[in-house]
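This report refers to the structure that appears directly beneath it.
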Amino acid sequence: MSKIPIEKEHLKEHLANISEQIDSCALVIMASEEEGSLTIHCEYNSQLLHSATIQQILGHFQTLLEGVVANPDQCISTLPLLSAAQEQQLLVKWNDTQVEDPLDKCIHQLFEEQVEKTPEVVAAVFEGEQLTYWELNQRANQLAHYLGSLGVGADTLVGICVERSLEMLVGLLGILKAGGAYVPLDPTYPQERLAFMLSDAQVSLLVTQEKLVTQLPQHGADVVSLDRDWTVISSQSEENQNPV
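The opening residue of the sequence shown carries number 0 in this note's numbering; numbering runs sequentially from there.
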């Protein structure tokens, strides 16, 4: 690095107290050049940053400087920040995510296994409301038994048109547990599109919410309202369905 001579008459002196600025910063990095070497001084808030993070940042800077020395004519944006070992970890090791998927189980059965492991852990949160794995499974089971009493089983297509909510999860899991397949219907879709989807899928049963019933296009499907009919639904068994 070449040094640019500075004439004294062009130099203005200014004393700055940076201690207060440093105290208010999460991370301060200062560099000084002396006798042909570059010294990096780093101060950080240990309540916000881990020492490993700081070491990683400084390691990236070191890799960048090594790239500058090795390729002084390269544009700085093309120089590496990651070492060969870090690239290997990022691109290869952390992407080694292949797992053995249980091909003999459906998603609701995998969910039931998780319920057994962590029944009291919160499974879903929406706008201040939450359900544990056990509570969500309980409600989905009650809906599944109710749908089963209405004839839902294997190869049954059930439409579900609900707003984003915990009820949506109950509806989806309940349909799967009953052995059916759900046909998702977004209530924000145009009426013509919803009408086509209901007709094309030949949906005979529709799970929805009371406030959406009058907003849906005309159809011939029987309606199950998750809020209006919940008193009846909640009287059903809380036990898991036998595999369908």
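Beta carbons are placed, not taken as given, at the ideal position from N, Cα and C, and that holds for glycine.
Terminal residues of the alpha helix (DSSP H) in which residue i lies
i: E134; result: Y132 to S148
i: L171; result: L165 to K176
i: L109; result: I106 to K116
i: V231; result: W229 to I232
Alpha-carbon spacing of residue i relative to residue j, whole angstroms
i: L193; j: I159; result: 11 Å
i: D228; j: N140; result: 15 Å
i: S224; j: S164; result: 14 Å
i: L146; j: N136; result: 15 Å
i: E128; j: K104; result: 30 Å
i: S36; j: E65; result: 13 Å
i: Q85; j: A25; result: 25 Å
i: D199; j: P189; result: 15 Å
i: D95; j: P101; result: 18 Å
i: E32; j: T62; result: 18 Å
i: A180; j: T155; result: 6 Å
i: S23; j: L80; result: 28 Å
i: F60; j: A30; result: 12 Å
i: F125; j: V114; result: 19 Å
i: H49; j: L90; result: 24 Å
i: I39; j: Q97; result: 41 Å
i: L168; j: C74; result: 51 Å
Chain B contact for residue i (CB, 8 Å cutoff)
i: Q55; result: Among the chains of the structure shown, chain B does not appear; only one protein chain is present.
Limits of the unbroken beta strand (DSSP E) element including residue i
i: L26; result: L26 to E33
i: S198; result: Where S198 is concerned, there is no enclosing beta strand (DSSP E), although the alpha helix (DSSP H) it sits in stretches over Q190 to A200.
i: L37; result: S36 to Y43
i: T207; result: L204 to T207
i: A220; result: Premise fails: A220 is in no beta strand (DSSP E) and is neither H nor E.
Whole-number beta carbon distance between residue j and residue i, since they are thought to touch under 8 Å
i: Q240; j: A122; result: In fact, because the Cβ distance is near 18 Å, the residues do not count as touching under 8 Å.
i: V157; j: L204; result: 5 Å
i: V202; j: G178; result: Incorrect: roughly 16 Å between the Cβ atoms, too far for contact.
i: K176; j: H107; result: 5 Å
i: L184; j: M196; result: 6 Å
i: T207; j: V222; result: 6 Å
For residue i: DSSP bridge partner residues
i: P128; result: The identity of residue 128 in the sequence shown is Glu, whereas the question assumes Pro. E128 pairs with F125.
i: P183; result: I159
i: S224; result: T207
What are the start and end residues of each continuous alpha helix (DSSP H) run of 4 or more residues lying completely inside the stretch 49 to 96, in chain order?
-> 50 to 69 and 83 to 87
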